[in-house]
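Visitor:
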Amino acid sequence: MAAVLVIVVIVLAIALADSEEGTTSAPSTTASAKTERAQTKEPAGERGDLTSFQLDDRSQAGVTNIWLVWTIRNSSSEKSDYSWEWEAVDTGGTRVANGSLLETDVQPGQTARGEYPTTLNSVKGIKLNITSFNRTASY
1 MAAVLVIVVI VLAIALADSE EGTTSAPSTT ASAKTERAQT KEPAGERGDL TSFQLDDRSQ
61 AGVTNIWLVW TIRNSSSEKS DYSWEWEAVD TGGTRVANGS LLETDVQPGQ TARGEYPTTL
121 NSVKGIKLNI TSFNRTASY
């Protein structure tokens, strides 16, 4: 009976550790017009390859210009493609933006940086969440 209980506990621990789905906070947050890079605890597994994901407010002269910027470091032993879903949530909990991003052909040990424009009007009080993250072998 004790052996069965140990096996069940091990299986549950592995299943919980392998789960990459679900909403998690982005690895970095933004607090001002010029991005302050405050790192949060890096998640385990393939999700940990997304080392930075934040907003960069490049607005000037009254023209709003807010970008998503990210850094991926391939910790696997294979060339990889990355795809992830994200959302931006305001202080009231309302989703104000969301989308999908893709980074392809990242070599083992290589770092890739990217950026993408948003339709956000401000970075004040905005929290980025990763709602889905996947790494696949690139051919």
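At position 26 of the sequence shown (counting the first as 1) the number is 26 in this note's numbering, and the numbers step up by one without a gap.
Glycine included, every Cβ here is placed at the ideal spot set by N, Cα and C.
The model shown is predicted, which means the values in this text are computed figures rather than measured ones.
1) According to the neighbour-count rule (16 or more other Cβ atoms, all chains shown, within 10 Å of its Cβ), is GLU103 buried or exposed?
2) Could you say if the stretch 76 to 83 and the stretch 53 to 60 meet the contact criterion of at least three C-beta pairs nearer than 8 angstroms?
3) State the DSSP-derived secondary structure class of ASP105, mapped to helix, strand or coil.
4) Please tell me whether, using a cut-off of 6 angstroms, the distance from the CB of PRO108 to the nearest non-hydrogen atom of the ligand GTP is below it.
5) On a CA-only basis, which of GLY109, LEU101, ASN121 is nearest GLY62? Give me that one, please.
Guide: According to the structure data:
1) buried
2) no
3) strand
4) In the structure shown, the ligand GTP is absent, as is every other ligand, since no ligand is present at all.
5) ASN121
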